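Participant:
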Amino acid sequence: MTDDHWQSSQSLQGVETMSVSMIANNSPLEHRQRSSRRSILREMGRQKARVSPKITPRTRVEDLIPNRPVGRIELLILRRYPRRTVMSKGWKGSVAAACGRDESGLIGLVLWGDQVDLVRTGDIISIQGGWCRYTHGQKVVSTGRTGRLSVLEA
């Protein structure tokens, strides 16, 4: 292969790659994926923008699917209902219901054990590795057995 042929082949590959990446960066799907990575705190103007490669993309309430895991969701707690004590065959402890929202909708929450004391009305919380289910005709989110709940801002 001659040098001229190699250079034209190399420049042609660069043009193809550039045009494909330009199309991908401007697609509506790419825009939605980028916007779903934004933190609810940043959108409310309470936190400076920081990019962390280890954070999973944020799921929006409207994108939740019942009986599926939730990677990461951030919610503003609108109300926490009173605590109840539950005794069952496999678990004994405190449980409380709550209602939360993000920019796309409302969702019910189930708080277990220490989470009941941790979460208050007006807090912004993050649930990672949680679970979404359908109860009494409504979507409900909880940490499940392996998920984590953290208060981002009280």
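Residue numbering for the sequence shown follows the working numbering, starting at 4 and increasing by one per position. For each residue, glycine too, the CB sits at the ideal point set by N, CA and C. Predicted model only: the values in this text are computed from it and were never measured.
Opposite R151 in the DSSP bridges: which residues?
Facilitator: Translated into the one-based positions of the sequence shown, residue 151 becomes position 148. Paired residue(s): Q131.
Participant: Tell me the residue span of the beta strand (DSSP E) that contains L78.
Facilitator: By 1-based counting over the sequence shown, the position of residue 78 is 75. Its beta strand (DSSP E) spans residues R71 to R83.
Participant: Determine the burial state of W94: buried for a count of at least 16 other Cβ atoms within 10 Å of its Cβ, exposed for fewer.
Facilitator: Here residue 94 refers to the residue found at position 91 when the sequence shown is read from its first residue. Classification for W94: exposed.
Participant: CB P69 to CB R123, shorter than 8 Å?
Facilitator: Counted from its first residue, the sequence shown places residue 69 at position 66. Counted from its first residue, the sequence shown places residue 123 at position 120. Contact: no.
Participant: Along the chain, which unbroken stretches of the beta strand (DSSP E) at least 3 residues long are found entirely within the stretch 80–128?
Facilitator: 87–90, 95–105 and 108–115
Participant: Could you check the C-alpha separation between V119 and T149 for me, to the nearest Å?
Facilitator: Here residue 119 refers to the residue found at position 116 of the sequence shown. Here residue 149 refers to the residue found at position 146 of the sequence shown. Computed Cα separation, rounded: 17 Å.
Participant: Provide the residue(s) that pair with R136 in DSSP beta bridges, ordered along the chain.
Facilitator: On the sequence shown, residue 136 is found 133 positions in, with the first residue counted as 1. Paired residue(s): V143.
Participant: Are the Cβ atoms of V64 and L114 separated by less than 8 Å?
Facilitator: Walking along the sequence shown from the start, residue 64 turns up at place 61. Walking along the sequence shown from the start, residue 114 turns up at place 111. Inclusion of V64 and L114 in the CB contact set at 8 Å is not warranted, their separation being larger than that value.
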